[in-house]
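Asker:
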Amino acid sequence: EGARDLRSADIGGLSNTYCEVHVLGREEGKFRTTVVDDSLNPVWNFARVMGNISSADRIVFTVYVHDFGVGGARVVGRAELRAMDIPSLGFDGEIP
15 EGARDLRSAD IGGLSNTYCE VHVLGREEGK FRTTVVDDSL NPVWNFARVM
65 GNISSADRIV FTVYVHDFGV GGARVVGRAE LRAMDIPSLG FDGEIP
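As structure tokens, then:
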């Protein structure tokens, strides 16, 4: 759904952020949200069905600041969720 209390990484105190999601160790199936502008508490409300997940897999959520200038995107947060912790109907909660 979103992130909370991100550190400011842009001039002006707010950040333009997006989240990239993938299964650890795999390149296929990687996806990302749209960019939420000017927020340290972005809400993406993004849902995606991920196929071919085993209970041993780990799903990685990486939050980036979208940089329009030189330097590209910068990581401002990262979290992992074990696939075995996801109920069959999907996950809706917080990851520390």
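The sequence shown begins at 15 in my numbering and counts up one residue at a time.
Every residue, glycine too, gets a C-beta built ideally from N, C-alpha and C.
1. Going by C-alpha to C-alpha distance, which of Val35, Ile25, Thr47 sits closest to alanine 97?
2. Contact defined as beta carbons within less than 8 Å: I believe aspartate 19 pairs with asparagine 55. What is the distance between those atoms, to the nearest angstrom?
3. Between valine 90 and the rest of its own chain, which residues show a CB-CB distance below 8 Å, the 5 nearest in sequence each way excluded?
4. What does proline 76 pair with, by DSSP beta-bridge criteria?
5. On the DSSP bridge list, what partners appear for glycine 16?
6. Looking only at its own chain, which residues have a Cβ that is under 6 Å from the Cβ of isoleucine 109, when we skip the five neighbours before and after it?
7. Taking the alpha carbon of glutamate 41 as the reference point, which residue from Val50, Asp106, Met64 has its own alpha carbon closest?
8. Thinking tyrosine 57 and glutamate 15 are a contact (beta carbons under 8 Å), I'd like their distance in whole angstroms, please.
9. Tell me whether threonine 47 is buried or exposed, calling it buried when 16 or more other Cβ atoms sit within 10 Å of its Cβ.
Answerer: Looking at the atomic coordinates:
1. Val35
2. 7 Å
3. Leu20, Arg21, Ala23, Ser29, Thr31, Val77, Tyr78, Val79
4. Looking at the sequence provided, one finds threonine at residue 76 rather than proline. BP columns for threonine 76 point to Glu34, Arg92.
5. Val57
6. Ala93, Leu95
7. Met64
8. Note that residue 57 corresponds to valine in the displayed sequence, not to tyrosine. That belief holds up - the Cβ atoms of valine 57 and glutamate 15 are roughly 6 Å apart, short of 8 Å.
9. buried
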